[in-house]
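Heads up: take any position in the sequence shown, counting from 1, add 498, and you land on our numbering.
Below is one structure, written out as structure tokens, with a few remarks after it.
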Amino acid sequence: MNWKSLNIYLLSSIFLCCSLFSKAQLLDLKSYSIEDGLPQSQILDVFQDHSGIIWLATNGGGVSRFDGVKFHNLGTKEGLNNNRVYSIFEDSKKNIWIGTLKGLNKYSNSKITNIQDSVLGELIIYEIHEHSNGEIWLGTSEGIVIYDGKKASPFIRNDSIGRAQVWAIKQDKLG
């Protein structure tokens, strides 16, 4: 046996011996349900805000905020325009935007505001994204809508998008 083969054999043996004593990390997973305070068991979106709060969009139970200990639920009684929530997003000003079956809501300073706009009407809001210029882009049941903080406008670049449902929006490096 030459030196090269012997070195490879020794290194392989050392790595093999070391692996015998190593263990995979065990994940401590916890499952949460209605019994733990969730308002509804079907979750449509999950989002973590700047302070670490987990926001859960539910299919009929509104929004649930989880602080790591307790669920705090927000629904139509607290001001949401509908309890079927599809999307949650935090903008650069730390406002939480909530898209529902009946339109757009804004959560700021512990208060929910329904965004009333003739273009938005009662469109289903599937996706929320903040453009680099601060506009809120919405993927809706009838295409893309841009909300500038005061009014909403349909995004019409060409006929290829049209009024199709938009479930995801991403911004590339060119804007």
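Glycine residues also receive a C-beta, built at the ideal position from the N, C-alpha and C atoms.
Spatial neighbours of residue i in its chain, beta-carbon cut-off 7 angstroms, leaving aside the 5 residues before and after
| i | result |
| --- | --- |
| Lys609 | none |
| Asn664 | According to the sequence shown, residue 664 is Val rather than Asn. Excluding sequence neighbours, Val664 sits near Tyr624, Glu625, Gly637, Thr638, Gly641 and Ile642. |
| Ala452 | Absent from the model: residue 452. The displayed extent of the chain is 499 to 673, so no value can be given. |
| Ser630 | Gln669 and Gly673 |
| Asn557 | Gln538, Gln540, Leu542 and Arg582 |
Under 9 angstroms between C-beta atoms of residue i and residue j
| i | j | result |
| --- | --- | --- |
| Tyr584 | Tyr624 | yes |
| Gly637 | Asn612 | no |
| Asp589 | Glu628 | yes |
Span of the beta strand (DSSP E) around residue i
| i | result |
| --- | --- |
| Asp543 | Ile541 to Gln546 |
| Arg563 | Val561 to Phe564 |
| Asn571 | Phe569 to Leu572 |
| Trp665 | Unbroken run through Trp665: none, as it is neither H nor E. |
| Glu625 | Ile623 to Glu628 |
| Asn603 | Gly601 to Ser606 |
| Glu640 | Neither: Glu640 is in no beta strand (DSSP E) and is coded neither H nor E. |
| Ile654 | No beta strand (DSSP E) holds Ile654; DSSP gives it neither H nor E. |
| Ser585 | Val583 to Glu588 |
Check: residue i C-beta below 8 angstroms from any heavy atom of the ligand NAD
| i | result |
| --- | --- |
| His629 | Only the bare structure without any ligand can be found here, which leaves the ligand NAD out of the picture. |
Close-in-space but distant-in-sequence residues of the same chain around residue i (CB under 8 angstroms, 5 per side omitted)
| i | result |
| --- | --- |
| Ile532 | Gln538 and Ser539 |
| Lys575 | none |
| Lys649 | Asp615 and Val617 |
6 angstroms CB neighbourhood of residue i in its chain, flanking five on each side removed
| i | result |
| --- | --- |
| Gly619 | none |
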